[in-house]
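These notes concern the structure reproduced below.
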Amino acid sequence: MATAPEHQRRGAGRAVLQAALDYHHAQGADAFYLVATPAGKSLYDAVGFETVDDLAIWVTGHSAQFAHV
68 MATAPEHQRR GAGRAVLQAA LDYHHAQGAD AFYLVATPAG KSLYDAVGFE TVDDLAIWVT
128 GHSAQFAHV
């Protein structure tokens, strides 16, 4: 998921994420797995996700979500 920069830090992303988690909990899910960029880490931490490992990825072309090296 992603939120346009002009709408970040207003609660929209958290509301959508929480609704998705609540829905799947109601369907019987008891665990969730997530791969995220550093940009979303504070949100995922805030709703209870915990980092269990770090993952290196490679991107071709351009992505605003990843720092240029």
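Sequential numbering of the sequence shown, starting at 68, is according to my numbering. Quick reminder that beta carbons are idealized off the backbone N, C-alpha and C, glycines included. None of these values were measured; they are calculated from a predicted model.
Contact annotation, L110 with G80: C-beta distance approximately 6 Å; criterion of less than 8 Å satisfied.
Boundaries of the alpha helix (DSSP H) around G80: 79-93. Annotation for D112: the continuous alpha helix (DSSP H) segment containing it runs 108-113. Check the Cα spacing between A87 and each of T118, A103, V114: the tightest is with V114.
Residue state for E73 is assigned as helix, using DSSP reduced to three classes.
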